[in-house]
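The opening residue of the sequence shown carries number 328 in this note's numbering; numbering runs sequentially from there.
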Amino acid sequence: MQNMAFSTSFGNDRAPGAGVTAVLGPTNTGKTHLAIERMLAHSSGLIGLPLRLLAREVYNKIADRAGVDNVALVTGEEKIKPKAPRFWVSTVEAMPRDLDVSFLAVDEIQIAADLERGHVFTDRILNRRGRDETLLLGAATMRPMIERLLPGASIITRPRLSQLEFAGDRKITRQPRRTAIVAFSADEVYAIAELIRRQHGGAAVVLGSLSPRTRNAQVAMFQNGDVDYLVATDAVGMGLNLDVDHVAFASDRKYDGYQFRRLTPAEFAQIAGRAGRATRNGTFGTTGRCAPFEPELVNALQNHTFDSVKMLQWRNAKLDFSSLGALQVSLALSPNHEALTRAPVAEDLRVLEHVARDAEVREWAHGPKAVERLWEACQVPDYRKLSPAAHAELVTTLYGFLMQKGRIPDAWFAAQVDQANRTDGDIDTLSGRIAQIRTWTFVANRPDWLYDPDHWQGITRELENKLSDALHERLTERFVDRRTSVLMRRLRENSVLNTEIGKTGEVIVEGHVIGRLDGFTFAPDAAEAGSDAKALQAAAQQVLAREIDARAEKLGAAPDEQFVLTSDGTIRWTGDAVAKLVAADDALHPRLRIISDERLTGASREAVQTRLDLWLKTHIEKLLGPLFELSKAEDLQGIARGIAFQLVEALGVLERTKIAAEMKDLDQPSRAALRKYGVRFGAYHIYFPQLLKPAARSLASLLWAEKQSNVDMAALSNVQHLASSGRTSFPVDKALPRDGYRVLGYRQCGERAVRVDILERLADLIRPALAWRETSPGEKPAGAFDGRGFVVTQAMTSLTGSAGEDFASILRALGYRVDRRPPLPPKAVEAAPVEAVPAEAVPAETTETVAAETPPVEATSDAAADAPVEVAAEVTADAPESATDQLVSGDPAPSAALLPDVGFAEVVSSEATPVVVETRPEPVAEVAVAPAAAAAEPALEAADAAAEPAPAAEAAVETTSEPGAEAPAEAASADAAPAEAAAAEAAPAAAKTPAEPQLVEVWRPGGRSDER
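Right, here's the structure in full:
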């Protein structure tokens, strides 16, 4: 490879460093400021800067002092050229080549060691001079290179104006205000900025790919205090003058165009040096995924001691355009100075190598002008970063236009520009369009590439500005909460914020709703999750404290009607949750926990607690008063007191089987004493009929649930709703345990729950049918069969709101079993009554039968469940008309045996009970006459056997009624007459036409109950 010595642009009679002054030092030493001052002292000048953004910043400063007519700006994508400018501001790559000025300066000369851009800076150091003065500005690490390459140059070292201290490692969310957080990828920058937004209200974002206009807008937000954090790539280290107190490195590795590598100490220093401006000290540290700095690196950064630059990148600047091959050879020359090394293949050289393989390009590239034009086309920057091949294809297209047409066609160029003329889309989309328009801006700034370059420069600049503004808006929308940032700034300024509380509890600060005061608890707005939430609450603290004290005083004087106990155990006052039930040892005396935050204290809290405790006590005693009366009864002794205690513990509904032994030993005077307090002795439950009302049972279930540890409150609430609707039965929710139905006044019967008073009334219908005998006086009871069993009647199914298999499952759960028997033969002396209606004659219902959703009948005989079946028929005429009459008369009920164990089964409506089924003839089994005691296992008290008859419900019409109301007194055997008439009409036909015998479903005691 041929070597070529570097050269300068002036004669050999001058030393290479003559007239050159190198001003070296760390950041914040005022080097750029010195260069501006020196240039303004000359008649003309040129300064080259490393970034377009920095060039624009310096241009604005000089234009403010010298006037816009005297200052020109030249970058690859922007040119502002007055008619006769004195001063020129440019990026290093775009420095005019043939400009003769009195003063010339090159900033950040240490970039000459960079693999990608270094050769351009090296060329400017070696070959560009001012007539009277040349300043080279950069890091102190360049001193050996200046001494070796530019002997005779004057070197000035400037100390840093402030100290730089290491602050250690901190979490991203704990960084101090005025911090610049540095990362090395757009994705990482965005992720950190979003985290800062959630915690601190927002952050400005600076990336190298942003247009100068967008970066300036983002930096302005940081500089004027709209945000306190800046998240940036290493572009922040290139001369941007920022009001930064702390620099935090979120990463220590970057991709340099060739590989991922760790930053050098000098690169760390370039970025960390942004902290602290003028004489204000700065700090640096690590955060995020960046490993803590080792002590040696910390010491180097604090004391600005770094290894010197040992080699500068160089590429031949004197190119041979005689042919395409000669150009490539001249670009491949190597330097003959040991301080220089040939630069790696740069982007423009890669494009040249790619397009040189194109046959058409080789055909066009003949002659020096054509080759030079090709090299100019290859230097179009690849802003789009799609792929080397895509960029080479674009260069080939541009070169083809220039060689074939002399200019790029306006129509084609307009179409390319128009593709980017949209401001919709997200950040990445807009960034892509800006990269695209920057390419066309660069092309428009070539003086002889377009027919009307001035026109297209204006269009592309305007479009770039429009896209830049749109991108700034998207960045701000995504990474800045403007409302929060404004409020935080006012809080820092100790401004008094306007705070008020709306009529519905909204807490409003400076016109923004920051939360809601629900009762005595302030609930922040879901959007107020950042670190400013506490500050905003602090601003509203005084108003909140006054409002809470006023509410406490108002609650203390509130009437009972303003309080509500909800199904989840919450006490609400005028709709606001103010307290929660807490289980205590005694279910009837729960405790209360006030729902409030720390603002409700002292006397106000005590007043709230006292009023709520009083209301809860009154509320429970009002709805469950009989339980309190029974618990205080002094006239109960022995077994009666024990049963009373268990009934109170069971919250008013106690399964009879739980106290079977006690009931056997309970004498009639003791029973009467319990009845005096409203206790009902049923066949299946001991309970208070007056406490079966929905409000009382809902409260009881809630008190029960508070003492349980694993109750599904949602399931309990759903079942409470069904129970409160007045239904006599409904499907079981498996999520609620069996006891949950009991305290609601229901019994779980398999897959269905049936109200306890309805079960007692069902027993009242079954009892006379089981007690009937052929020799019994009076009319045959509805459903009676052979003295040992019964058949289902419409009154029974209507009472429970179920039919068919659903009702059959209830009977099985109650301990009955079913046999299929032929119907009894008719009596010869009278019309043959049909004791049961064939199933085919009963219409099948298609909806749940709720006709039997009837209230519990408090007047039904309490003693009916205790009377022996054998004497039930005999005492019917002499029995009291109702239980109430019996209690008034004071007649003692005889002792009784218990009914067999009973249980429950699912009761579902929608079908009539099939009581007769057709089947093949079977021999009639001989039925033995069972003893009376066996036929009537449900033991009843004789004195109360004549319970008030339960009404026969009307045909499967869904109705609801509140427990506790009086039921109409209707004969239980009301369905017998239509059955007899139907049988009478069918008799002649049956005599003429032999038919298969129909079997009747006969239910008998002795089945397996559902008792658990």
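Positions of the beta carbon are idealized from the N, C-alpha and C atoms, including for glycine.
>> Let me confirm a value: Ala362 is counted as buried when at least 16 other C-beta atoms fall within 10 Å, else exposed. Which label applies?
In response: buried
> Excluding the five sequence neighbours on either side, which residues of its own chain have a C-beta within less than 6 Å of the C-beta of Met638, listed in chain order?
Replying inline: Thr668
> CB Leu464 to CB Lys358, shorter than 8 Å?
Replying inline: yes
>> The alpha helix (DSSP H) that contains Tyr1068, what's its start and end?
In response: For Tyr1068, the enclosing alpha helix (DSSP H) covers residues Arg1065 to Val1070.
> Whole alpha helix (DSSP H) runs in the segment 1011-1095 with 4 or more residues, listed along the chain?
Replying inline: DSSP runs (the alpha helix (DSSP H)) wholly in the segment 1011-1095: 1021-1033, 1040-1051 and 1065-1070.
> I think Val1006 touches Leu974, with their Cβ atoms under 8 Å apart; what is that distance to the nearest whole Å?
Replying inline: 7 Å
> According to DSSP, which residues form a beta bridge with His839?
Replying inline: Val836
>> Which same chain residues end up closer than 6 Å to Met565 when comparing Cβ atoms and leaving out the 5 residues on each side of it in sequence?
In response: Pro377 and Leu378
>> Quick check: Pro695 and Ser649, are their CB atoms within less than 8 Å of each other?
In response: yes
> Excluding five sequence neighbours on each side, which residues of the same chain lie with their C-beta closer than 8 Å to the C-beta of Ala1032?
Replying inline: Gly896, Val1038, Met1040, Leu1043 and Gly1067
>> Can you look up Val1342 in the DSSP assignment and give me helix, strand or coil?
In response: Lying outside 328 to 1339, the shown extent of the chain, residue 1342 is not represented and no answer is given.
>> Judging by CA-CA distance, which residue of Glu933, Val563, Arg1065 and Ala797 is the nearest neighbour of Asp876?
In response: Glu933
>> Using a 10 Å radius around the Cβ and a threshold of 16 neighbouring Cβ atoms, would you call Asp391 buried or exposed?
In response: Classification of Asp391: exposed, given that the 10 Å Cβ count is below 16.
> Which stretch, first to last residue, makes up the alpha helix (DSSP H) that contains Pro409?
Replying inline: That residue, Pro409, is in no alpha helix (DSSP H); it is neither H nor E in DSSP.
> Using a Cβ-Cβ cut-off of 7 Å (strictly less than) and excluding sequence neighbours within five positions of Ala342, which residues of its own chain qualify?
Replying inline: Residues of the same chain with a CB within less than 7 Å of the CB of Ala342, apart from the 5 flanking positions on each side, are Pro478 and Gly479 in chain order.
> Shortest alpha-carbon distance to Asp634 belongs to which of Phe493, Gly979, Leu713 and Ala466?
Replying inline: Ala466
>> Strictly by DSSP, which residues pair up with Val935?
In response: DSSP lists no partner for Val935.
> What is the DSSP secondary structure of Ala342, counted as helix, strand or coil?
Replying inline: Coil, per DSSP.
>> Spatial neighbours of Ala906 within its chain, please: C-beta separation below 7 Å, excluding the five flanking residues on both sides.
In response: Ile898, Leu919, Arg920, Ile921, Ile922 and Leu939
> What runs of the beta strand (DSSP E), each 3 residues or longer, lie entirely inside the segment 511-567?
Replying inline: 531-533 and 556-559
> Just checking my contact of Thr354 with Arg601 at CB under 8 Å: how many whole Å lie between their CB atoms?
Replying inline: 7 Å
>> Just to confirm the assignment, what range does the beta strand (DSSP E) spanning Tyr582 have?
In response: Arg580 to Tyr582
>> Among Trp1330, Gly838 and Gly832, whose alpha-carbon lies nearest the alpha-carbon of Thr848?
In response: Gly832
> Using the rule of at least 16 other Cβ atoms within 10 Å of the residue's Cβ for burial, across every protein chain shown, is Leu941 buried or exposed?
Replying inline: exposed
> Where does Lys712 sit, in a helix, a strand or coil, going by DSSP?
Replying inline: Three-state result, Lys712: coil.
>> Tell me the rounded alpha-carbon separation between Asn626 and Lys712.
In response: Each residue's alpha carbon lies about 38 Å from the other.
> Whose CA, out of Glu925, Leu794 and Lys793, lies closest to the CA of Ala850?
Replying inline: Glu925
>> Relative to the C-alpha of Val672, which candidate in Pro409, Ala399, Met422 and Gly445 has its C-alpha closest?
In response: When only C-alpha atoms are compared, the closest one is Gly445.
> Do Thr1387 and Leu1089 have their CB atoms nearer than 8 Å?
Replying inline: Past the boundaries of the shown model lies residue 1387; the chain is included only from 328 to 1339, so the question cannot be answered.
> Do Val554 and Ser812 have their C-beta atoms closer together than 8 Å?
Replying inline: yes
> Hey, is Val682's beta-carbon within less than 8 Å of any beta-carbon in chain D?
Replying inline: As a matter of chain content, chain D is missing from the structure shown, which is built from one protein chain.
>> Does Arg616 pass the burial test, meaning 16 or more other C-beta atoms within 10 Å, or should it be called exposed?
In response: exposed
> Mind checking whether Ala510 and Thr560 have CB atoms under 8 Å apart?
Replying inline: yes
> Where does Glu1289 sit, in a helix, a strand or coil, going by DSSP?
Replying inline: Legend: pLDDT at Glu1289 = 46, less than 50; position of this residue unreliable, no value from coordinates given.
>> I'd like to know whether the C-beta atoms of Arg765 and Arg749 end up nearer to each other than 8 Å.
In response: no
> Quick one: what's got a C-beta closer than 7 Å to Ala697's C-beta in the same chain, skipping five residues either side?
Replying inline: Trp691 and Met730
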